[in-house]
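Asker:
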Amino acid sequence: MGRVIAIANQKGGVGKTTTSINLTAALAEKNKKVLVIDIDPQGNTTSGFGIDKNDLDNTIYELILGECSINDCIIKDVMPNISVLPSNVNLAAAEIELIGVEKKEYILKNEVDWIKDQYDYILIDCPPSLSMLTVNAMTTAGSVLVPIQCEYYALEGLSQLIHTVNLVKERLNPELEMEGVVFTMYDARTNLSMQVVENVKGHLEQNIYNTLIPRNIRLAEAPSYGMPITKYDPKSAGAEAYRQLADEVIKNKGE
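In our numbering, the protein residues as written are 4 to 258.
(1) What do you reckon, are the CB atoms on A157 and M82 nearer than 8 Å?
(2) Check I42 in the structure and name its three-state DSSP category.
(3) Ends of the beta strand (DSSP E) at R6?
(4) What are the boundary residues of the beta strand (DSSP E) that L215 is part of?
(5) What residues match up with M181 in a beta bridge as DSSP calls it?
(6) So, at 7 Å on beta carbons, what are the nonlocal neighbours of T214 in its own chain, with the 5 sequence-adjacent residues on each side left out?
(7) Between G160, T143 and V149, which has its C-alpha nearest L179's C-alpha?
(8) Sort out for me which residues DSSP pairs Q152 with in a bridge.
(9) Hey, is the stretch 131-150 in contact with the stretch 161-175, meaning 3+ C-beta pairs nearer than 8 Å?
(10) Please determine, among C76, A95, K56 and Q152, the residue with the shortest C-alpha to C-alpha distance to K19.
(11) With a threshold of 16 other CB atoms inside 10 Å of the CB of L195, please say whether the residue is buried or exposed.
(12) Spell out a yes or no on whether the stretch 57-64 and the stretch 73-92 are touching, meaning 3 or more CB-CB pairs, one atom from each, closer than 8 Å.
(13) CA-CA distance, Y228 and G51?
(14) For a test of the three-state rule: what should DSSP assign to M230, helix, strand or coil?
(15) Where does I165 fall in DSSP's three states?
(16) Once the 5 residues before and after Y122 are set aside, which same chain residues still bring their CB inside 7 Å of it?
(17) Buried or exposed for R218, going by 16 or more other Cβ atoms inside 10 Å?
(18) Just the Cα atoms here: how many angstroms apart are T167 and I220?
(19) So is S162 buried or exposed if we call it buried at 16+ other beta carbons inside 10 Å?
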């Protein structure tokens, strides 16, 4: 059965989408069958795999409203071992349309349960907010991976996110765990990056991945070409870092 990991942080610009795209690609390179679910109305994970997000009949929005089945929405074999459940700006309206719907926290989970066994990994790219969409991702997932940018305010909001994870665990999904924290935009030349890593390690009881995702120009360029870094520049420091992270994620459950 596939491991479902929500990639979440209510702070924007911390590398959630970069991690969703490139961890997916690195796992696929290791012969894991991966589905990435884009549950962010910005749809950046969708376009990061070269999909035209504005030219889609069926997206996660139609799925959440019950207008199509999960198999109608999934774009299969976007790259070897990678399928995508896409999103676009229409999803921004879902929150309002779900008002009054019963058990709306479980809509995504009920759909994903149908296809869970077809994949080794299902990664969910969450929006930068603790919204009903993020709650849906957390009721579907077995664990939450939190990217944290190496900057002064890194810890701000993290306790709120952990509180949300604990609430979801207590009330909606007793299986939910913290997968771990991964540091992004790490710059070895600055003391600040190193201080942030030490500070977070000192404050957190969570699993912290050893892999540090570097601040890397090639990593920033890759999405505009609709490619993960492993394809855009396979020998770059960013590509190597995501391969190391994939190894750690795989080992995390002793596979």
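Built from N, CA and C at the ideal position, the CB exists for glycine as well.
Answerer: Quick answer:
(1) For the purposes of this step, residue 157 is taken as the residue at position 154 of the sequence shown. For the purposes of this step, residue 82 is taken as the residue at position 79 of the sequence shown. Result no, Cβ atoms of A157 and M82 do not sit closer than 8 Å.
(2) Indexing the sequence shown from 1 puts residue 42 at position 39. If DSSP states are grouped into helix, strand and coil, I42 belongs with coil.
(3) Looking up residue 6 in the sequence shown gives position 3. Going by DSSP, R6 is part of the beta strand (DSSP E) stretching over R6 to I10.
(4) For the purposes of this step, residue 215 is taken as residue 212 along the sequence shown, with counting starting at 1. Where L215 is concerned, the enclosing beta strand (DSSP E) stretches over I211 to P217.
(5) On the sequence shown, position 178 is the one that residue 181 refers to. In the DSSP output, where bridge partners are listed per residue, M181 has V147.
(6) Against the sequence shown, residue 214 aligns to sequence position 211. Answer for T214: V185, A244, Q247, L248 and E251, listed in chain order.
(7) Position 176 of the sequence shown, counting from 1, holds the residue named residue 179. Relative to the Cα of L179, the nearest Cα in the group G160, T143 and V149 belongs to T143.
(8) Mapped onto the sequence shown, residue 152 falls at position 149. In the DSSP output, where bridge partners are listed per residue, Q152 has T187.
(9) yes
(10) On the sequence shown, residue 19 is found 16 positions in, with the first residue counted as 1. The candidate whose alpha carbon is nearest that of K19 is Q152.
(11) Taking the first residue of the sequence shown as position 1, residue 195 is located at position 192. L195 is exposed by the Cβ-count criterion.
(12) yes
(13) What you label residue 228 is simply residue 225 of the sequence shown in a count that begins at 1. What you label residue 51 is simply residue 48 of the sequence shown in a count that begins at 1. Their Cα atoms are separated by approximately 8 Å.
(14) Residue 230 sits at position 227 when you count from the first residue of the sequence shown. In the structure shown, M230 sits in coil (DSSP, three-state: anything other than H, G, I, E or B).
(15) Taking the first residue of the sequence shown as 1, we reach residue 165 at position 162. Here I165 sits in helix by DSSP.
(16) The residue labelled residue 122 in the question sits at position 119 within the sequence shown. Cβ neighbours of Y122 beyond the five flanking positions: G5, K36, V37 and L38.
(17) As a position in the sequence shown, residue 218 is number 215, starting the count at 1. Its Cβ being crowded by 16 or more others within 10 Å, R218 is buried.
(18) For the purposes of this step, residue 167 is taken as residue 164 along the sequence shown, with counting starting at 1. For the purposes of this step, residue 220 is taken as residue 217 along the sequence shown, with counting starting at 1. Distance between the alpha carbons of T167 and I220: 33 Å.
(19) Reading the sequence shown from its first residue, position 159 is the one you call residue 162. The residue in question, S162, is exposed, as its Cβ has fewer than 16 Cβ neighbours within 10 Å.
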